[in-house]
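Student:
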Amino acid sequence: MSETSLAEHDLAALVDDWIDWAEAARRLEVSVGKVRTMIRTHELAAAVPVPGEGQKIPALFIDEEERLPVKGLPGLLTVLHDGRYDDRECIAWLFLDQTLPGRPIDALRENRGSEVKRRAQAMAL
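Numbering (this note's numbering), first residue to last: -19 to 105.
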């Protein structure tokens, strides 16, 4: 891992496409209240990418075809939260290209989540 802690990464630079809770609700075909619940229960993660803006969700967290969070994301977020990582750190980790071939979020979206989950479990210990 880099010398910069996960919490110190510039999320606006790591994540290209952010959506607000209303847009997430539209893409998931649920209410904004349900999106809030999904964030609280770690099905999704949200952070403030730019100071002064509200919380947003990385657009890549949603599988628009299935109208669900990306397969494997909720379980991965739970593992990371159990390891005392907050949403901001989870998002940074998912969008950093570290030891996997590519970013963890890309591996999840390509249904290659097993190695991502294994590494998250090792990190959370």
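For each residue, glycine too, the CB sits at the ideal point set by N, CA and C.
What you are looking at is a predicted structure, and each value in this text was computed from that prediction instead of being measured.
Please classify Ile(-1): is it buried, with 16 or more other beta-carbons within 10 angstroms of its beta-carbon, or exposed?
Tutor: In the sequence shown, residue -1 corresponds to position 19, counting from 1. By the neighbour-count rule (16 or more Cβ atoms within 10 Å), Ile(-1) is buried.
Student: Could you check how far apart the C-beta atoms of Leu8 and Leu40 are, in whole angstroms? I think they sit under 8 Å.
Tutor: Taking the first residue of the sequence shown as 1, we reach residue 8 at position 28. Taking the first residue of the sequence shown as 1, we reach residue 40 at position 60. Going by Cβ atoms, the distance from Leu8 to Leu40 rounds to 14 Å, so no, they are not a contact pair.
Student: With distances taken Cα to Cα, identify the nearest neighbour of Ser(-15) among Ala72, Glu23, Ala(-8).
Tutor: By 1-based counting over the sequence shown, the position of residue -15 is 5. The residue with the shortest Cα to Cα distance from Ser(-15) is Ala72.
Student: Would you say Leu74 and Arg68 are within 9 Å of each other, going by their C-beta atoms?
Tutor: Numbered from its first residue, the sequence shown carries residue 74 at position 94. Numbered from its first residue, the sequence shown carries residue 68 at position 88. No.
Student: Contact check, Pro29 vs Ala(-8) under 8 Å by CB: the rounded distance?
Tutor: The residue you call residue 29 lines up with position 49 of the sequence shown. The residue you call residue -8 lines up with position 12 of the sequence shown. Yes, Pro29 and Ala(-8) are in contact; Cβ-Cβ is about 4 Å, under 8 Å.
Student: Quick check on Asp66: does DSSP put it in helix, strand or coil?
Tutor: As a first step, residue 66 must be located in the sequence shown, where it is residue number 86. Reduced to three states, the DSSP call for Asp66 is coil.
Student: Please name the residue in Tyr65, Gly32, Ala102, Leu53 whose C-alpha comes closest to that of Arg107.
Tutor: Given that the chain is displayed from residue -19 to residue 105, the structure contains no residue 107 and the question cannot be resolved.
Student: In angstroms, rounded to a whole number, what distance separates the CA positions of Glu46 and Arg89?
Tutor: Locating residue 46 in the sequence shown gives position 66, counting from the first residue. Locating residue 89 in the sequence shown gives position 109, counting from the first residue. Their backbone Cα atoms lie some 12 Å apart in a straight line.
Student: Tell me whether Lys36 is buried or exposed, calling it buried when 16 or more other Cβ atoms sit within 10 Å of its Cβ.
Tutor: For this step, residue 36 is matched to residue 56 along the sequence shown. Result: buried.
Student: Need the endpoints of the alpha helix (DSSP H) that Ala4 sits in, please.
Tutor: Along the sequence shown, one-based indexing puts residue 4 at 24. Element bounds for Ala4: 1 to 8.
Student: State the DSSP-derived secondary structure class of Asp43, mapped to helix, strand or coil.
Tutor: Numbered from 1 along the sequence shown, position 63 holds the residue referred to as residue 43. Reduced to three states, the DSSP call for Asp43 is strand.
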